[in-house]
Amino acid sequence: MFRTIAVKKNNELIKDLEITELVSGDFKWYWIDFQQPDKEEIDFLRSPLSFHPLAIEDCIHHLQRPKLDYYDDYDFFVAQALNQKTITREEVNLFLSRNYIVTFHHEPSGEIDDVWNRFSQSTNIEQWDPSHVLYHVFDKMVDNYFPLVNQIDDTLNEIDENSKGRSMEALLKDLFETRHDLLSLRHTISPMRDLLYRILNSQRLTSVIEKRAYFSDIYDHLLKLTEMIEASRELTTDIRDSYISINSNETNHVMKVLTVITTIFMPLTFIVGVYGMNFTNMPELNWKYGYFGALGLMVLIAAGMTLWFIKKGWFK
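Yeah, the sequence shown ends on 315 if you go by numbering that gives the first Met the number 0, and it's all consecutive.
And the structure:
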């Protein structure tokens, strides 16, 4: 499906015109939004809009990396929004010219819906133009990155504090899932930051140059997001190393206790083994108190070794 809105010379809004009427009409500028278009609607990109085949191919074959391409009388942008529930990337393509903007996306876009409603209900239409729509779409996309990054930050704090007393296996499972989410965010935010940097330093985007301060603000937000992601990734590494160190320390403690117990029983096992051979000429076997003497000797050896290990601090 698609929807249209046009601004007349007198700043009057007209909605739901046919694309052929927009292209052939005398309007100040117009906005066409393709949302989950079918094959017939995609053909409108070829005619009557007459976009370049490479740009149309990028629209059809998503997910493309965020980028900017220049064409004769328009510029083509590929941007990426993030699904708030699944943290998956959703591509949004934009064609920008002096007298139109065309947005194209295969998934519903809350960011574009917000900007569309804001524009259609605006009382100062004269302040809007295609580059202003572009700014608001980008701004909404970047603003919607923050809740996801903050949510991951809260998750990491919960894992670090472990206030619920969860097992180490469960914490490590959540930690690695969080690292995966951070990687997805990084693969979206870093290319978007590069795209905004290119927009700010482009000399061909004359309409955008006039709003450089606005796009610079978006770029600052992306820089902040990048720093937050890198800080969170470092924190996941620190938490992982801490848990692995704790686990290794606990394992070493268990091994030390088992080693002490084994060491105590080694001489006792030797004594039992010697007197369990049942040779005929073993004088101790005929001794009246031999059994109790052997037990007493083993108790003394075990007690003596235990006291020695305690003195050495091996049971701390």
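For each residue, glycine too, the CB sits at the ideal point set by N, CA and C.
C-alpha gap between residue i and residue j, whole angstroms
{"i": "N149", "j": "K14", "result": "38 Å"}
{"i": "M191", "j": "Y134", "result": "13 Å"}
{"i": "N251", "j": "S241", "result": "15 Å"}
{"i": "T261", "j": "N280", "result": "31 Å"}
{"i": "E125", "j": "E176", "result": "47 Å"}
{"i": "R64", "j": "F76", "result": "10 Å"}
{"i": "V256", "j": "L294", "result": "24 Å"}
{"i": "E249", "j": "L267", "result": "28 Å"}
{"i": "S108", "j": "E157", "result": "31 Å"}
{"i": "Q120", "j": "Y29", "result": "15 Å"}
{"i": "R178", "j": "T236", "result": "9 Å"}
{"i": "D219", "j": "V141", "result": "10 Å"}
{"i": "A5", "j": "L224", "result": "35 Å"}
{"i": "H186", "j": "I228", "result": "11 Å"}
{"i": "D42", "j": "N246", "result": "60 Å"}
{"i": "N277", "j": "L306", "result": "32 Å"}
{"i": "Y70", "j": "T3", "result": "23 Å"}
{"i": "R88", "j": "K311", "result": "59 Å"}
{"i": "Q83", "j": "N143", "result": "8 Å"}
{"i": "Y213", "j": "V114", "result": "15 Å"}
{"i": "E20", "j": "D72", "result": "19 Å"}
{"i": "F308", "j": "G292", "result": "24 Å"}
{"i": "S46", "j": "G24", "result": "15 Å"}
{"i": "V253", "j": "I238", "result": "23 Å"}
{"i": "S189", "j": "K8", "result": "40 Å"}
{"i": "N116", "j": "E233", "result": "40 Å"}
{"i": "H104", "j": "L16", "result": "20 Å"}
Unbroken alpha helix (DSSP H) run spanning residue i, endpoints
{"i": "W115", "result": "G109 to S119"}
{"i": "K255", "result": "R211 to Y274"}
{"i": "H104", "result": "Where H104 is concerned, there is no enclosing alpha helix (DSSP H), although the beta strand (DSSP E) it sits in stretches over Y99 to H104."}
{"i": "W328", "result": "With the chain running from 0 to 315 in the structure shown, residue 328 is simply not present."}
{"i": "K323", "result": "Since the first residue of the chain shown is 0 and the last is 315, residue 323 is not available in this structure."}
{"i": "F308", "result": "G289 to K311"}
{"i": "F94", "result": "Note, F94: premise wrong, no alpha helix (DSSP H); beta strand (DSSP E) at R88 to L95."}
{"i": "R178", "result": "M167 to L199"}
Residue i vs residue j beta-carbon contact at 9 Å
{"i": "V271", "j": "M304", "result": "no"}
{"i": "T122", "j": "I31", "result": "no"}
{"i": "A320", "j": "L194", "result": "Since the first and last residues shown for the chain are 0 and 315, residue 320 lies out of range."}
{"i": "I18", "j": "L48", "result": "yes"}
{"i": "P129", "j": "N92", "result": "no"}
{"i": "L155", "j": "L171", "result": "no"}
{"i": "F50", "j": "F94", "result": "yes"}
{"i": "I86", "j": "V132", "result": "no"}
{"i": "E168", "j": "V136", "result": "no"}
{"i": "K38", "j": "N10", "result": "no"}
{"i": "D112", "j": "S96", "result": "no"}
{"i": "Q35", "j": "E106", "result": "yes"}
{"i": "E283", "j": "G289", "result": "yes"}
{"i": "E56", "j": "F1", "result": "no"}
{"i": "S231", "j": "D152", "result": "yes"}
{"i": "F264", "j": "A302", "result": "no"}
Buried or exposed by the 16-neighbour rule on C-beta atoms within 10 Å, applied to residue i
{"i": "L299", "result": "exposed"}
{"i": "T258", "result": "exposed"}
{"i": "F33", "result": "buried"}
{"i": "S215", "result": "exposed"}
{"i": "W127", "result": "buried"}
{"i": "A80", "result": "buried"}
{"i": "K139", "result": "buried"}
{"i": "I243", "result": "exposed"}
{"i": "V207", "result": "buried"}
{"i": "L44", "result": "buried"}
{"i": "P52", "result": "exposed"}
{"i": "M59", "result": "Position check: residue 59 holds Ile in this sequence, whereas Met was assumed. Counting Cβ neighbours within 10 Å, I59 comes out exposed, since fewer than 16 surround it."}
Span of the beta strand (DSSP E), counted from its first residue to its last, around residue i
{"i": "Y69", "result": "K66 to Y69"}
{"i": "D74", "result": "D74 to L81"}
{"i": "F278", "result": "Per DSSP, F278 belongs to no beta strand (DSSP E) and is neither H nor E."}
{"i": "T122", "result": "That residue, T122, is in no beta strand (DSSP E); it is neither H nor E in DSSP."}
{"i": "F50", "result": "No beta strand (DSSP E) holds F50; DSSP gives it neither H nor E."}
Within-9 Å CB hit, residue i to chain D
{"i": "K172", "result": "The structure shown contains no chain D, having only a single protein chain."}
Check your understanding: Counting Cβ pairs closer than 8 Å, one from the segment 198-207 and one from the segment 179-186, do we hit at least three?
Key -> no
Check your understanding: With contact counted as at least three CB pairs below 8 Å, one residue from each stretch, are the segment 163-171 and the segment 136-154 in contact?
Key -> no
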